[in-house]
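K.L.:
Per our numbering, the very first residue in the sequence shown carries number 42; after that it's consecutive. Input: one structure, supplied below.
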Amino acid sequence: MMPIICIEGLRAVGKTAVCLELQDRYGAYVVSRDYPESSGENWFEECDHQMRRWQSALKKTEKYALIVLDGDIFKPVINNIHDSFTLQSISNTFLHAFMDEQIGFPDRYYYLMAGESTIRKRTIKDFSQRKGEVERDHSYFSFQKNFYEGLGACELPARNERETARRIIKHLPAAPWNRYNRKQFQYIQNNIVKHMK
Numbered sequence: 042m043m044p045i046i047c048i049e050g051l052r053a054v055g056k057t058a059v060c061l062e063l064q065d066r067y068g069a070y071v072v073s074r075d076y077p078e079s080s081g082e083n084w085f086e087e088c089d090h091q092m093r094r095w096q097s098a099l100k101k102t103e104k105y106a107l108i109v110l111d112g113d114i115f116k117p118v119i120n121n122i123h124d125s126f127t128l129q130s131i132s133n134t135f136l137h138a139f140m141d142e143q144i145g146f147p148d149r150y151y152y153l154m155a156g157e158s159t160i161r162k163r164t165i166k167d168f169s170q171r172k173g174e175v176e177r178d179h180s181y182f183s184f185q186k187n188f189y190e191g192l193g194a195c196e197l198p199a200r201n202e203r204e205t206a207r208r209i210i211k212h213l214p215a216a217p218w219n220r221y222n223r224k225q226f227q228y229i230q231n232n233i234v235k236h237m238k
């Protein structure tokens, strides 16, 4: 089996550009974050979509030397930190999926960094009112960064996608991997509980 990595960071930081660079230059298989048209506001469909992405990544480890998740499987948790009812529903759904190994953790997270003012300028143009409001909120920037630090993400500056891709290749994780790490999942559960208070 080959490594599964995840490229994360705030919206408009350049995650997809780095993923495509890894695909074009290094032959990685990219599992897109594209949502089905119907999923928009429906948390259950969003969670189901993430589970399908994870299963796709696992299957591709048989054919490709590197699998790249363009965005985190657990992103619905972050996107709903201000909605405790939805957050609880997502938590329950992901708990059952995790216990059944329908979702898991990448072998390494890479968190792309850019200045807050740069991100704010980029996101204001691109996203829906609801998600845009969340991401312009300073607490969202802090929460997301801290969330991925807690998962052991390797932080990289997102100035140039070619250089960022090169650095990722240079620091790929070595086996053995623990894709169903209960401590990591407990960390996510603890974050959910904190934000529901």
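In this text, a Cβ means the ideal position worked out from N, Cα and C, and glycines have one as well.
1) Bridge partners for Pro198 per DSSP, in chain order?
2) Determine the burial state of Gly112: buried for a count of at least 16 other Cβ atoms within 10 Å of its Cβ, exposed for fewer.
3) Leaving out five residues on either side along the sequence, give the residues of the same chain with a beta carbon under 7 Å from the beta carbon of Tyr189.
4) I believe Ile114 touches Ile144 by the beta-carbon criterion, under 8 Å. Please report the beta-carbon distance rounded to the nearest angstrom.
5) Excluding the 5 residues flanking Tyr105 on each side, which residues of the same chain have their C-beta closer than 8 Å to its C-beta?
6) Reducing DSSP to helix, strand and coil, say where Ser80 ends up.
7) May I ask which residues mark the beginning and end of the beta strand (DSSP E) holding Ile122?
8) Compare the C-alpha of Asn231 against each of Ser73, Leu128 and Thr205 and name the closest.
9) For Leu136, collect the residues of the same chain with a Cβ closer than 6 Å to its Cβ; drop the 5 residues on either side in sequence, then sort them by chain order.
10) Which same chain residues end up closer than 6 Å to Ile209 when comparing Cβ atoms and leaving out the 5 residues on each side of it in sequence?
11) Only counting the same chain, and skipping five residues up and downstream in sequence, which positions put a Cβ closer than 7 Å to that of Pro147?
12) For the region 118–134 and the region 56–63, state whether three or more C-beta atom pairs, one from each stretch, are separated by less than 8 Å.
13) Could you check which residue in Tyr181, Ile122 and Thr102 has the C-alpha nearest to that of Ala216?
14) Using CA coordinates, which residue listed in Gln91, Trp84, Asp124 and Asn83 is at the minimum distance from Arg74?
15) Given a cut-off of 7 Å on the beta-carbon distance, is the pair Ala53 and Val72 in contact?
16) List the endpoints of the continuous alpha helix (DSSP H) containing Glu142.
17) Shortest alpha-carbon distance to Thr133 belongs to which of Phe184, Asn219, Trp218 and Asp89?
18) From this set, Leu213, His212, Glu196 and Gly191, which residue's C-alpha is nearest Gln227's C-alpha?
19) Going by DSSP, what residue range makes up the alpha helix (DSSP H) through Tyr221?
P.N.:
By the coordinates alone:
1) Looking at the DSSP assignment, Pro198 forms a beta bridge with Met154.
2) buried
3) Taking C-beta separations shorter than 7 Å and ignoring five residues to either side along the sequence, the partners of Tyr189 in its chain run Glu49, Tyr150 and Tyr152, following chain order.
4) Indeed they touch by this definition, with Cβ atoms about 5 Å apart.
5) Met43, Gly68, Ala69 and Tyr70
6) The predicted model places Ser80 with a pLDDT of 48, which falls under 50 and marks its position as unreliable, so this point remains unresolved.
7) Per DSSP, Ile122 belongs to no beta strand (DSSP E) and is neither H nor E.
8) When each option's Cα is compared against that of Asn231, the closest is Leu128.
9) none
10) Tyr151
11) Ile45, Ile46, Cys47 and Leu110
12) no
13) Thr102
14) Ranked by how close their Cα comes to the Cα of Arg74, the residues Gln91, Trp84, Asp124 and Asn83 have Gln91 in first place.
15) no
16) Run containing Glu142: none; DSSP gives neither H nor E here.
17) What sits at residue 133 in the sequence shown is Asn, not Thr. The option with the nearest alpha carbon to Asn133 is Asp89.
18) Gly191
19) Per DSSP, Tyr221 is not a residue of any alpha helix (DSSP H), being assigned neither H nor E.
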